[in-house]
Amino acid sequence: FIYTTVHSPSTTTAPLPLLHQRSAKMVAGSFTVEYQSPVSVERLWKGGVCDGHILAPKILPEVYASIDVVEGDGGVGTIMQFNFTEAVEGWKFVTERFDVIDEENHTVKYTVVGGGLLHSRLKAYSFEVKFEAADNGGSKGKVTVDYDTISDSPLTEEECGKLTFASSTTLKALESYLQENPNLYA
Numbered sequence: 001f002i003y004t005t006v007h008s009p010s011t012t013t014a015p016l017p018l019l020h021q022r023s024a025k026m027v028a029g030s031f032t033v034e035y036q037s038p039v040s041v042e043r044l045w046k047g048g049v050c051d052g053h054i055l056a057p058k059i060l061p062e063v064y065a066s067i068d069v070v071e072g073d074g075g076v077g078t079i080m081q082f083n084f085t086e087a088v089e090g091w092k093f094v095t096e097r098f099d100v101i102d103e104e105n106h107t108v109k110y111t112v113v114g115g116g117l118l119h120s121r122l123k124a125y126s127f128e129v130k131f132e133a134a135d136n137g138g139s140k141g142k143v144t145v146d147y148d149t150i151s152d153s154p155l156t157e158e159e160c161g162k163l164t165f166a167s168s169t170t171l172k173a174l175e176s177y178l179q180e181n182p183n184l185y186a
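Heads up: the sequence shown at position 26 corresponds to 26 in UniProt numbering, and the numbers run straight through without jumps.
Right under this line is the structure:
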């Protein structure tokens, strides 16, 4: 995995009701994690996006207690709750809403609507995951996280790592699982 952190923070002043005399500041930022895999785009897409809620608890029971579909049929608008074990320190769950699922371009975008750093450190955050074919028959991908902090300081490298821990750990495990099961999603 190639881990690239690109913070593009910009401080903005949010308007407050007239009762408040001071301004609240926040930082809008983003960072990207890039990776390469020997597994094809189609297999990673099917295993990670289409069936990720089924495979992740199976291949990483030490990370995921369960993944539940709260609402929807798996398409745009679907809400899923990822329930973690103690391996994910400080987080019991993250609830995500799928905003974009583009099968043709192997891109998915989702917004965190509960849990994680929402309302404790972040006002809002979302992920965009894009898979592309690599020259060697494998794949490469990017996970871009866009966020708005509650305070006027950008996320630390440790906080960025925490936001992408489950997805990067899952991707590594999925890659191994698919290599061990070459006929799955072939």
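The beta-carbon is built from N, C-alpha and C at its ideal position, and this holds for glycine as well.
These numbers come from a predicted model, not from an experiment.
Spatial neighbours of leucine 171 in its chain, beta-carbon cut-off 6 Å, leaving aside the 5 residues before and after: If the five residues before and after leucine 171 are omitted, its C-beta is found closer than 6 Å to no C-beta atom of its own chain.
Is it buried or exposed, glutamate 175, if we count other Cβ atoms within 10 angstroms and call 16 or more buried? Classification for glutamate 175: buried.
Under 8 Å between the Cβ atoms of leucine 122 and isoleucine 79? The answer is no: Cβ separation not under 8 Å.
Which residues mark the beginning and the end of the alpha helix (DSSP H) in which threonine 164 is found? Run containing threonine 164: 157 to 180, per the alpha helix (DSSP H) assignment.
For valine 63 and threonine 85, believed in contact at Cβ under 8 Å, the rounded distance: The pair is a contact, with the Cβ atoms about 6 Å apart (cut-off 8 Å).
Nonlocal neighbours in the same chain, by C-beta distance under 6 Å from tyrosine 177, ignoring five residues either side: Answer for tyrosine 177: Ile59, listed in chain order.
Assign leucine 122 to one of three DSSP states: helix, strand, or coil. Leucine 122 falls in the strand class under three-state DSSP.
Could you spell out the range, first to last residue, of the alpha helix (DSSP H) harbouring isoleucine 54? Start and end: 52 to 59.
Same chain, Cβ closer than 7 Å to serine 139, neighbours up to 5 away in sequence not counted: Cβ within range, chain order: Ser37, Val39, Ser40, Val41, Leu44, Phe131, Glu132 and Ala133.
Supposed close pair lysine 92, glycine 115 - CB separation, criterion 8 Å: Sure, about 7 Å apart at Cβ, within 8 Å.
Report the three-state DSSP secondary structure of valine 41 (helix, strand or coil). Of the three classes helix, strand and coil, the one that applies to valine 41 here is helix, per DSSP.
Given a cut-off of 8 Å, decide if aspartate 152 and alanine 28 are closer than it, judged by their beta-carbon atoms. Taking 8 Å as the Cβ cut-off, alanine 28 and aspartate 152 do not qualify as a contacting pair.
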